[in-house]
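**Student:** Once you've had a glance at the structure underneath, I'll fire off some questions.
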Amino acid sequence: GEDVEQSLFLSVREGDSSVINCTYTDSSSTYLYWYKQEPGAGLQLLTYIFSNMDMKQDQRLTVLLNKKDKHLSLRIADTQTGDSAIYFCADSNDYKLSFGAGTTVTVRA
Amino acid sequence: NAGVTQTPKFQVLKTGQSMTLQCAQDMNHNSMYWYRQDPGMGLRLIYYSASEGTTDKGEVPNGYNVSRLNKREFSLRLESAAPSQTSVYFCASSEAGQGAYGYTFGSGTRLTVV
Chain B
290 GEDVEQSLFL
300 SVREGDSSVI
310 NCTYTDSSST
320 YLYWYKQEPG
330 AGLQLLTYIF
340 SNMDMKQDQR
350 LTVLLNKKDK
360 HLSLRIADTQ
370 TGDSAIYFCA
380 DSNDYKLSFG
390 AGTTVTVRA
Chain X
183 NAGVTQTPKF
193 QVLKTGQSMT
203 LQCAQDMNHN
213 SMYWYRQDPG
223 MGLRLIYYSA
233 SEGTTDKGEV
243 PNGYNVSRLN
253 KREFSLRLES
263 AAPSQTSVYF
273 CASSEAGQGA
283 YGYTFGSGTR
293 LTVV
């Protein structure tokens with residue numbers, strides 16, 4: 290199966306930038322995704338990047354993809370308390386998504 | 183605009199009991215999935231159905247069965263629950279494959295087996 294790895298915890302001060310990193314092994318992935326899970330809720334698609342792109346920006350979110358190193362990152366600018374959540378990266382293979390263990394982001398005042 | 187609906191939201195079972203988790207989507211998606219989420223392990227795929235009439239095993243299928251009842255509904259059955267099946271279960275759906283929209287997830291079923 291595909292392995293997706295990410296660090297488990299990140300603490301960031303309100304107003305700073307957050308950077309969440311992820312590595313994956315499946316080089317055939319067409320899309321890579323970032324999902325957000327708030328407490329007690331399901332996962333919501335935050336953003337995605339097509340595999341032939343290096344970067345995608347969407348308001349406060351910037352996704353960087355390094356295909357050579359199989360490294361994906363999510364940067365959240367001006368982090369707010371509402372950004373406290375678990376963030377999952379996922380890569381795709383056939384019909385299936387493989388998820389990392391999730392990074393718990395805690396925003397402190 | 184319900185999306186993916188899972189029932190029940192919470193359940194406590196005794197070891198050896200059986201139950202069925204229900205999932206329905208109203209987005210006319212072809213593919214449906216069952217995942218379990220455990221602390222520090224992310225989401226692991228139990229079973230999936232690429233299209234109506236087909237089901238396939240995922241990463242952790244042992245102890246579970248599924249039924250794709252029709253295009254809308256995909257149920258997960260635990261025949262004889264074990265404490266190791268204590269988890270949060272998520273159903274998801276997508277267009278054929280996943281494309282730019284990924285999956286749409288339900289809100290989860292929190293299952294405790296005692």
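Quick note, the sequences are listed as chains B and X, same order.
Convert by adding 289 to the 1-based position in the first sequence; the result is the number in the numbering used here.
Convert by adding 182 to the 1-based position in the second sequence; the result is the number in the numbering used here.
Beta carbons are placed, not taken as given, at the ideal position from N, Cα and C, and that holds for glycine.
With DSSP as the reference, label Thr-370 of chain B as helix, strand or coil.
**Tutor:** It is helical.
**Student:** Cβ atoms of Lys-359 of chain B and Tyr-313 of chain B: under 8 Å apart, would you say?
**Tutor:** A distance below 8 Å separates the beta carbons of Tyr-313 of chain B and Lys-359 of chain B.
**Student:** Please classify Met-344 of chain B: is it buried, with 16 or more other beta-carbons within 10 angstroms of its beta-carbon, or exposed?
**Tutor:** When all chains shown are included, Met-344 of chain B counts as exposed.
**Student:** Using a Cβ-Cβ distance under 8 Å, would Phe-192 of chain X count as near chain B?
**Tutor:** no
**Student:** At the level of alpha carbons, what is the spacing between Ser-318 of chain B and Asn-382 of chain B?
**Tutor:** The straight-line gap from Cα to Cα measures roughly 6 Å.
**Student:** List, in order along the chain, the chain B residues whose C-beta lies closer than 7 Å to that of Ser-275 of chain X?
**Tutor:** Going along chain B, no residue has its Cβ under 7 Å from Ser-275 of chain X, so there is no contact; the nearest lies around 11 Å.
**Student:** With a threshold of 8 Å between beta carbons, is Tyr-376 of chain B in contact with chain X?
**Tutor:** no
**Student:** What are the start and end residues of each continuous beta strand (DSSP E) run of 3 or more residues lying completely inside the region 211-262 of chain X, in chain order?
**Tutor:** Complete beta strand (DSSP E) runs here, min 3: 213-220, 224-231, 246-250, 256-260.
**Student:** Looking at the secondary structure, which residues open and close the beta strand (DSSP E) in which Lys-345 of chain B lies?
**Tutor:** 344-347
**Student:** Within the chosen definition, does the region 269-278 of chain X reach the region 210-219 of chain X through at least 3 CB pairs nearer than 8 Å?
**Tutor:** yes
**Student:** Nearest chain B C-beta to Met-223 of chain X closer than 8 Å, yes or no?
**Tutor:** yes
**Student:** Using DSSP with H/G/I as helix, E/B as strand and the rest coil, what is Ser-318 of chain B?
**Tutor:** Of the three classes helix, strand and coil, the one that applies to Ser-318 of chain B here is coil, per DSSP.
**Student:** Is it true that the CB of Arg-250 of chain X sits closer than 8 Å to the CB of Ser-275 of chain X?
**Tutor:** no
**Student:** So which residues on chain B does Gly-240 of chain X lean against when the C-beta distance must stay under 8 Å?
**Tutor:** Lys-385
**Student:** How would you write the range of the beta strand (DSSP E) that Thr-189 of chain X sits in, first residue to last?
**Tutor:** Looking at the DSSP string, the run of the beta strand (DSSP E) that includes Thr-189 of chain X is 186-189.
**Student:** Do Leu-361 of chain B and Cys-311 of chain B come within 8 Å of each other at the CB atom, strictly closer than that value?
**Tutor:** yes
**Student:** In chain order, what residues of the same chain have a beta carbon less than 6 Å from the beta carbon of Glu-255 of chain X, not counting five sequence neighbours either side?
**Tutor:** Ala-206
**Student:** For the region 369-383 of chain B and the region 296-309 of chain B, state whether three or more C-beta atom pairs, one from each stretch, are separated by less than 8 Å.
**Tutor:** yes
**Student:** Classify Thr-189 of chain X: buried if its beta carbon has 16 or more other beta carbons within 10 angstroms, exposed otherwise.
**Tutor:** exposed
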